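One structure is given here, and the rest of the page talks about it.
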Amino acid sequence: MARQYALGGIEPPTKMVEGTLRSGQSVRFEGNVVILGDVNPGAEVTAAGNVIVMGVLRGTVQAGAAGDERAVIVAFRLRPTQLRIADHISRSPDGEVFNPNQPEIARVRDGTVVIETFLPGGERQGKN
């Protein structure tokens, strides 16, 4: 199992996970979760806050698990089995490749989960 620890002095609380999450492994936390590795198919991440994956997200992830629609999911590459923000559910589009050289962010906009390229300075390119 990947090494996990909570970061003190940060609000909301944040859990760091060092290493790749493999099939059958799960992380649940009542705050933000930062994963320093990949999330493989069959692995699950659930957070009351945001989820940041410093790798490829191919498993199941839920941000805003307590109903926070402002929560976001960020990864170097978003290819989730299932992606949830609050009560909104999405998954990767079939066969679509979208700017794989930039980090991506998923958020709720107008009641729908949208995935956008996450660019410095707030510029975004979107896909639904």
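Count along the sequence shown from 1, then add 35; that gives the number in our numbering. Where is the CB? At the ideal position from N, CA and C, for every residue including glycine. Remember, it's a predicted structure, so these values are computed and weren't measured experimentally.
Minimum C-alpha distance to residue 76 - residue among 109, 89 and 114: For the purposes of this step, residue 76 is identified with residue 41 of the sequence shown, where counting begins at 1. Minimum Cα distance to residue 76 is reached at 114.
Inside the segment 101-155 only - beta strand (DSSP E) runs reaching at least 3 residues: Runs found: 108-113, 117-120, 123-125, 139-144 and 147-153.
Distance between residue 95 and residue 55 (C-alpha atoms, nearest Å): Locating residue 55 in the sequence shown gives position 20, where the first residue counts as 1. Locating residue 95 in the sequence shown gives position 60, where the first residue counts as 1. For residue 55 and residue 95, the distance between alpha carbons rounds to 14 angstroms.
Beta-carbon contacts of residue 100 that lie in its chain and below 7 angstroms, excluding the five residues immediately before and after: Within the sequence shown, numbered from 1, the residue matching residue 100 stands at position 65. Shown here for residue 100: same chain residues with a beta carbon closer than 7 angstroms to its own, the five before and five after excluded, namely 81, 82 and 83 in chain order.
Rounded C-alpha distance that separates residue 147 from residue 92: Counted from its first residue, the sequence shown places residue 147 at position 112. Counted from its first residue, the sequence shown places residue 92 at position 57. Rounded to whole angstroms, residue 147 to residue 92 spans 20 angstroms at the Cα level.
Given residue 67 as reference, the closest of 58, 60, 59 and 87 once Cα atoms are compared: Taking the sequence shown and counting its residues from 1, one reaches residue 67 at position 32. From the listed residues 58, 60, 59 and 87, the smallest Cα separation to residue 67 is found for 87.
Cut-off 8 angstroms between Cβ atoms - residues of its own chain near residue 153, not counting five sequence neighbours on either side: In the sequence shown, the residue the question calls residue 153 occupies position 118. Excluding sequence neighbours, residue 153 sits near 109, 137, 138, 139, 140 and 159.
Any non-hydrogen atom of the ligand HEM closer than 6 angstroms to residue 80 Cβ: Inclusion of the ligand HEM in the displayed structure is not the case, the ligand content being empty and no account of it being possible.
Beta-carbon gap between residue 149 and residue 123 smaller than 7 angstroms: What you label residue 149 is simply residue 114 of the sequence shown in a count that begins at 1. What you label residue 123 is simply residue 88 of the sequence shown in a count that begins at 1. No.
Whole-Å CB distance - residue 72 paired with residue 90, under 8 angstroms assumed: Counting from one through the sequence shown, the residue named residue 72 turns up at place 37. Counting from one through the sequence shown, the residue named residue 90 turns up at place 55. Indeed they touch by this definition, with Cβ atoms about 5 angstroms apart.
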